[in-house]
Amino acid sequence: QILSPSQQLIAHWIVVDLAGSEGESAITDEFQKTAEPSEVMARRLEAWCINHGLSQLQIIFNELRGIKKKGESTGTGLRKTLSEFISNRSFISVLFTISP
């Protein structure tokens, strides 16, 4: 069966690695005593970037779940990266890996 362009399914495999710092909780007093101030700041910035990316992902999922329409804004960062692959006709599967 030949499908019209509006019926065609297109698959994308997108891997986004948001792993990294455990966030502010990993920046203990002990760590701060032994680390250079620049390393402490780098860890804080890394945690902020990861949290920002996760927040953007949450916004995208809420848009698709709630109104079944992706917002017009392509934004920045993770939202910008994923925006061309996501529409109101998208099927999204998410695999989360969490280590202790």
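Numbering (this note's numbering), first residue to last: 1 to 100.
We put the CB at the ideal spot given by N, CA and C, even for glycine.
Nothing here was measured: the structure is a model prediction, and the numbers come from that model.
Return yes when the Cβ of residue j is within less than 9 angstroms of the Cβ of residue i, no when it is not.
i	j	result
H12	F85	yes
E24	A47	yes
Count the other C-beta atoms from every protein chain shown that fall within 10 angstroms of the C-beta of residue i, then say buried if there are 16 or more, exposed otherwise.
i	result
L65	Note on residue identity: the sequence assigns Arg, not Leu, to residue 65. By the neighbour-count rule (16 or more Cβ atoms within 10 Å), R65 is not buried but exposed.
I14	exposed
I60	buried
Within a Cβ cutoff of 7 angstroms, which residues of the same chain sit near residue i, ignoring the five residues on either side of it in sequence?
i	result
L78	V16, G53, Q56 and L57
I27	V40, R43 and R44
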